[in-house]
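*Asks:* If you scroll down you'll find the structure; I have some questions about it.
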Amino acid sequence: MSEQRVAVVSGASRGIGREIALQLASAGNAVAVVATKVENTVGTVEAIRAAGGVAQGFGCDVSNSADATATIEAITSELGAPAILINNAGITRDTLMLRMDDDAWNRVIAVNLTGAYNMTKACLKGMMKARWGRIVNISSVIGLHGGAGQANYAAAKAGLVGLTLSTAKEVGSRGITANVIAPGFIETDMTSDLPEAMIESVVKTAPVGRLGTPGDVAPIVCFLASDLASYMTGQVISVDGGLYL
Ligand code: NAD
Numbered sequence: 267m268s269e270q271r272v273a274v275v276s277g278a279s280r281g282i283g284r285e286i287a288l289q290l291a292s293a294g295n296a297v298a299v300v301a302t303k304v305e306n307t308v309g310t311v312e313a314i315r316a317a318g319g320v321a322q323g324f325g326c327d328v329s330n331s332a333d334a335t336a337t338i339e340a341i342t343s344e345l346g347a348p349a350i351l352i353n354n355a356g357i358t359r360d361t362l363m364l365r366m367d368d369d370a371w372n373r374v375i376a377v378n379l380t381g382a383y384n385m386t387k388a389c390l391k392g393m394m395k396a397r398w399g400r401i402v403n404i405s406s407v408i409g410l411h412g413g414a415g416q417a418n419y420a421a422a423k424a425g426l427v428g429l430t431l432s433t434a435k436e437v438g439s440r441g442i443t444a445n446v447i448a449p450g451f452i453e454t455d456m457t458s459d460l461p462e463a464m465i466e467s468v469v470k471t472a473p474v475g476r477l478g479t480p481g482d483v484a485p486i487v488c489f490l491a492s493d494l495a496s497y498m499t500g501q502v503i504s505v506d507g508g509l510y511l
């Protein structure tokens, strides 16, 4: 087996991030499970260890650049320099623009977009030194198509595409790729209180006829994070059951 790589997954306490962490671990990577509070990482870390994998939990608010830098330093000294970074942490503060306050705008941009920038910047030096790296940013169909009541979230998720394209151009020659996954509607805590009518409309519109699950998203992320995807960079991959065909 080749040397174990260190994979960082933000927002890995639950939902899509947890499944990505589990699958990256079963693919043989040592996983740094990152969530806002370290105590929230315990479930994911224990599940990985129970399956024979290597994992450690780290608490970090990705929107805070000093916290992001310190967390990547701690991961580097405890597990090794990150070779794989999955920027998955995200929040919603949905409301129509006329009712949106500055805090709802600023917080969503800070976590969903600046958070990915902070974590990427903190990981890049190590990846450049190793001349190998994989960055996968989790955007959303909303970032590609917009969403009423989601100006902050759509702007942050669209911003992730620009961040990814620039990253791909800056560091491609160093063996580092950067790609975007844009999930559709995935069954997690984030979508648990969506109105029934909206869920019905997604199920009706998507050719596959159902909502997605974290298990639909994680394998694509794992592929992009592997050696198999070394000639693929700056791409936006929709995992949405064909919702916007
Ligand atoms: P979730 O609410 O279940 O999990 C979000 C995770 O992000 C949690 O682990 C939380 O602790 C973490 N997080 C939040 N703020 C953080 C911060 N400041 N610093 C560090 N971690 C933080 O959400 P999910 O549905 O699993 O979504 C995961 C990602 O996928 C998000 O970026 C979301 O925008 C995106 N996404 C989700 C869907 C969906 O339908 N669920 C669709 C498209 C995109």
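Mapping of the sequence shown onto this note's numbering: residues 267 to 511, in sequence order.
Where a beta carbon is used, it is the ideal one built from N, C-alpha and C, also for glycine.
Measure the C-alpha to C-alpha separation of Y383 and A355 and round it to an integer number of angstroms.
*Replies:* Straight-line Cα distance between these residues: approximately 12 Å.
*Asks:* Taking DSSP as the reference, what is the three-state secondary structure of R400?
*Replies:* If DSSP states are grouped into helix, strand and coil, R400 belongs with the strands.
*Asks:* Might you give, ordered along the chain, the residues of its own chain that have their beta carbon closer than 8 Å to the beta carbon of M498, omitting 5 neighbours on each side?
*Replies:* Result list for M498: T443, N445 and L490, in chain order.
*Asks:* Please say whether A349 and A396 have beta carbons closer to each other than 8 Å?
*Replies:* Their beta carbons are under 8 Å apart, which means A396 touches A349 by this criterion.
*Asks:* So S276 is in the beta strand (DSSP E); what residue range does that whole segment cover?
*Replies:* Unbroken beta strand (DSSP E) run through S276: V272 to S276.
*Asks:* Is it buried or exposed for G277, if we count other Cβ within 10 angstroms and need 16 for buried?
*Replies:* That one is buried.
*Asks:* Given the structure, does I357 come close to the ligand NAD, in the sense that its CB is under 7 Å from one of the ligand's heavy atoms?
*Replies:* It does: the Cβ of I357 is within 7 Å (strictly closer) of some heavy atom of the ligand NAD.
*Asks:* Which partner residues does G325 have in the DSSP bridge list?
*Replies:* G325 pairs with A301.
*Asks:* Can A420 and G412 be called in contact, C-beta distance under 8 Å?
*Replies:* Contact flag set, yes.
*Asks:* Can you tell me the Cα-Cα spacing of Q270 and V468, whole angstroms?
*Replies:* Answer to the nearest angstrom: the Cα atoms are 40 Å apart.
*Asks:* Please report the straight-line C-alpha distance between I338 and F451, rounded to a whole angstrom.
*Replies:* Roughly 30 Å separates the two Cα atoms.
*Asks:* By Cβ distance, which residues of its chain are closer than 7 Å to A332, with the 5 residues on each side in sequence left out?
*Replies:* Nothing listed; no residue qualifies.
*Asks:* So is the beta-carbon of A278 under 7 Å away from any non-hydrogen atom of the ligand SAH?
*Replies:* In the structure shown, the ligand SAH is absent; the only ligands present are the ligand NAD.
*Asks:* From S492 to N353, what does the alpha carbon distance come to, in whole angstroms?
*Replies:* Looking at the two C-alpha atoms, the distance is approximately 16 Å.
*Asks:* What does the Cβ neighbour count give for E462, buried or exposed, with the cut at 16 atoms within 10 Å?
*Replies:* The residue in question, E462, is exposed, as its Cβ has fewer than 16 Cβ neighbours within 10 Å.
*Asks:* Taking the C-alpha atoms as reference points, what is the distance between M267 and V297?
*Replies:* For M267, the predicted model reports a pLDDT of 44, less than 50, meaning its position is unreliable; a value from the coordinates is still stated below. Straight-line Cα distance between these residues: approximately 17 Å.
*Asks:* For P449, name the three-state secondary structure that DSSP assigns.
*Replies:* Reduced to three states, the DSSP call for P449 is strand.
*Asks:* Of the choices D360, G318, V374 and S329, whose alpha-carbon is the least far from that of M387?
*Replies:* The amino acid at residue 387 is misidentified as Met; the sequence shows Lys. K387 has its Cα closest to that of S329, out of D360, G318, V374 and S329.
*Asks:* Is it true that the CB of I404 sits closer than 8 Å to the CB of P449?
*Replies:* Their beta carbons are under 8 Å apart, which means P449 touches I404 by this criterion.
*Asks:* Should R284 go down as buried or exposed, given a rule of 16 or more other Cβ atoms within 10 Å for buried?
*Replies:* Classification of R284: buried, given that the 10 Å Cβ count is 16 or more.
*Asks:* Using 8 Å as the threshold, is the C-beta distance between A212 and Q289 below it?
*Replies:* Absent from the model: residue 212. The displayed extent of the chain is 267 to 511, so no value can be given.
*Asks:* Which two residues bound the contiguous alpha helix (DSSP H) that contains P480?
*Replies:* Note, P480: alpha helix (DSSP H), P480 to L490.
*Asks:* Compare the Cα-Cα distances from L426 to each of I408, E305 and R440 and report the closest residue.
*Replies:* Closest option to L426, Cα to Cα, is I408.
*Asks:* Which partner residues of L351 appear in the DSSP bridge assignment?
*Replies:* Per DSSP, V274 and I401.
*Asks:* Return yes when at least one heavy atom of the ligand NAD lies under 7 Å from the C-beta of D459, else no.
*Replies:* It does not: the Cβ of D459 is nowhere closer than 7 Å to a heavy atom of the ligand NAD.
*Asks:* Looking at A287 and V272, is the spacing between their C-beta atoms short of 8 Å?
*Replies:* No.
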